[in-house]
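Novice:
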Amino acid sequence: MRLEKCWFCSSTIYPGHGIQFVRNDAKIFRFCRSKCHKNFKMKRNPRKVKWTKAYRRLHGKDMTQDSTFEFERKRNRPERYDRNLAENTLKAIKKIDKVRSNREAKHIEKRMKGKKSKEQREAAKELEQSIHMVKPPLVLAQEPSLTLPKIKAKVSQQQADENHAMEE
Numbered sequence: 001m002r003l004e005k006c007w008f009c010s011s012t013i014y015p016g017h018g019i020q021f022v023r024n025d026a027k028i029f030r031f032c033r034s035k036c037h038k039n040f041k042m043k044r045n046p047r048k049v050k051w052t053k054a055y056r057r058l059h060g061k062d063m064t065q066d067s068t069f070e071f072e073r074k075r076n077r078p079e080r081y082d083r084n085l086a087e088n089t090l091k092a093i094k095k096i097d098k099v100r101s102n103r104e105a106k107h108i109e110k111r112m113k114g115k116k117s118k119e120q121r122e123a124a125k126e127l128e129q130s131i132h133m134v135k136p137p138l139v140l141a142q143e144p145s146l147t148l149p150k151i152k153a154k155v156s157q158q159q160a161d162e163n164h165a166m167e168e
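UniProt numbering puts the first residue of the sequence shown at 1, with every later residue one more than the last.
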């Protein structure tokens with residue numbers, strides 16, 4: 001089964017799916033769906049369209065140079081069965097998965113690193129813009145009109161006993 005890659009978004013095209021466009025110079029363009037085909041016809045650059053793999057790779061959103069992907073390519077080649085080789089390969093696969101997950105976690109951590117400081121800056125800016133709305137506690141103590149009124153209700157002992165009996 002031959003799996004092709006979409007020329008525009010780099011996603012996998014399975015047999016019987018997608019559209020093929022052949023240019024006059026016999027260059028073949030394969031597209032996974034009409035969305036990619038239409039964007040190609042509109043002469044859009046995949047590196048500037050945010051949902052494509054090319055954009056994500058170019059802007060550091062995806063992990064691009066991970067050597068563990070090389071092992072995966074090697075793994076897909078058929079080889080003559082050897083028990084020792086199979087055992088070593090399975091051990092290597094586990095190590096590779098562990099390394100890949102660690103790298104992915106570091107990648108995500110690196111991308112999220114600046115987010116906290118950005119949120120703090122935005123919060124400080126918002127506070128600075130609407131500082132007039134924030135009242136200090138001393139002002140609230142001096143002006144009771146700024147706080148919610150406290151309501152006190154009188155309940156007779158008989159009503160309290162009835163309510164207690166109903167709850168049980």
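All residues carry an ideal CB built from backbone N, CA and C; glycine is no exception.
Predicted model only: the values in this text are computed from it and were never measured.
Taking the alpha carbon of residue 18 as the point to measure from, which residue in 141, 39, 30 has its own alpha carbon closest?
Specialist: 30
Novice: Grab the span of the beta strand (DSSP E) containing residue 30 for me, first residue to last.
Specialist: Element bounds for residue 30: 28-31.
Novice: Between the segment 94-101 and the segment 40-52, do at least 3 Cβ pairs fall closer than 8 Å?
Specialist: no
Novice: Taking C-alpha atoms, which residue in 52, 114, 78 lies nearest to residue 9?
Specialist: Minimum Cα distance to residue 9 is reached at 52.
Novice: Around the C-beta of residue 13, are 16 or more other C-beta atoms found within 10 angstroms, so that it is buried, or is it exposed?
Specialist: Residue 13 should be labelled buried.
Novice: Using the rule of at least 16 other Cβ atoms within 10 Å of the residue's Cβ for burial, across every protein chain shown, is residue 59 buried or exposed?
Specialist: exposed
Novice: Among all the DSSP beta bridges, which residues are the ones paired with residue 22?
Specialist: 28
Novice: Cutting at 7 Å between CB atoms, please list the residues of its own chain near residue 27, excluding the five before and the five after it.
Specialist: none
Novice: Excluding the 5 residues preceding and the 5 following residue 116 in the sequence, name in chain order all residues of the same chain whose CB lies nearer than 7 Å to its CB.
Specialist: none
Novice: Which class does residue 143 belong to by DSSP, given the choice of helix, strand or coil?
Specialist: coil
Novice: Quick one: what's residue 12 bridged to in DSSP?
Specialist: 5
Novice: Note down the Cα distance separating residue 24 from residue 36, rounded to an integer number of angstroms.
Specialist: 20 Å
Novice: Short of 8 Å in beta carbon distance, which residues of its chain neighbour residue 5, apart from the five on each side in sequence? Order them along the chain.
Specialist: Excluding residues within five positions, the ones whose Cβ falls inside 8 Å are 11, 12, 13, 30.
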